[in-house]
Amino acid sequence: MKLMIVELAEGAPQLGREGLWVRHLVDNVYVLDNIPFYAYGIACNDEVYAEPVGSDLVFKGIRGRKGHSVYRVAFDMENLDSPNDINEFLENIKNFGCSFEGCDGRLFAIDVPLGVDVHSLYKYFQNGEDKGLWEFEEGHYGTRS
């Protein structure tokens, strides 16, 4: 596994870049092996082009998509009834057939594989946001290519 750097849009956190784990496939082609927290338009299992720049491996583009979507959920800790609300949320995410990675106990990146009912999942996210429990955003809506 190697760490690939993705340059982020101006104003994004993480000093303008995010490190994502990739597995080498062939030549300058890699497979993304984790869920982006900040980068848009890229998802787990996508095949990507990356090239060495100095000591970094830098993202250059998408070679092929595997149909995964990415959502991000940031909890509003003041509006939760109990810390167990986050555990319940994560169990629900798993029940949808998704996986997740967490950051700082309140921010979660959600990987939505091809075949998951993304419309029901979106409604679930919207319902929680409407209740003030969290905010969510779509990092990438997956298609295959």
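Residue numbers (my numbering): 156 to 300. Idealized CB from N, CA, C, for every residue including glycine. Just so we're clear, the structure is a prediction, and the values are computed from it rather than from any experiment.
Using only alpha-carbon positions, find the residue among the options that is nearest to residue i.
| i | options | result |
| --- | --- | --- |
| Y226 | L180, N189, L170 | N189 |
| N200 | E284, L269, P238, Q281 | L269 |
| Y147 | N239, E246, L276, N250 | The requested residue 147 is not part of the displayed model; the chain covers only 156 to 300. |
| E290 | E246, L235, F251, V271 | L235 |
| K221 | H179, E243, I197 | I197 |
| A229 | E165, H223, R261 | R261 |
Measure the Cβ-Cβ separation of residue i and residue j and say whether it is below 8 Å.
| i | j | result |
| --- | --- | --- |
| P191 | L175 | yes |
| H203 | V177 | According to the sequence displayed, residue 203 carries Val and not His. Result yes, Cβ atoms of V203 and V177 sit closer than 8 Å. |
| D266 | C258 | no |
| L158 | Y193 | no |
| F251 | F263 | no |
| G287 | D231 | yes |
Quick one: give me the first and last residue of the beta strand (DSSP E) that residue i is part of.
| i | result |
| --- | --- |
| R299 | Premise fails: R299 is in no beta strand (DSSP E) and is neither H nor E. |
| K157 | 157-162 |
When we look at the beta-carbon of residue i and count the other beta-carbons within 10 Å, is it buried (16 or more) or exposed?
| i | result |
| --- | --- |
| R299 | exposed |
| V208 | exposed |
| H274 | exposed |
Does residue i get closer than 8 Å to chain D when you measure Cβ to Cβ?
| i | result |
| --- | --- |
| I160 | Judged by its chain identifiers, the structure shown contains no chain D, having just a single protein chain. |
Closer than 7 Å to a non-hydrogen atom of the ligand GTP - does that hold for the CB of residue i?
| i | result |
| --- | --- |
| I190 | For the structure depicted, the ligand GTP is absent and the ligand set is empty, with no information on it obtainable. |
> Which parts of the region 234-296 are runs of the beta strand (DSSP E), unbroken and 3 residues or longer, counting only runs that do not cross its ends?
Replying inline: Those beta strand (DSSP E) runs which fall completely within the region 234-296 and span 3+ residues are 254-258, 262-267, 289-295.
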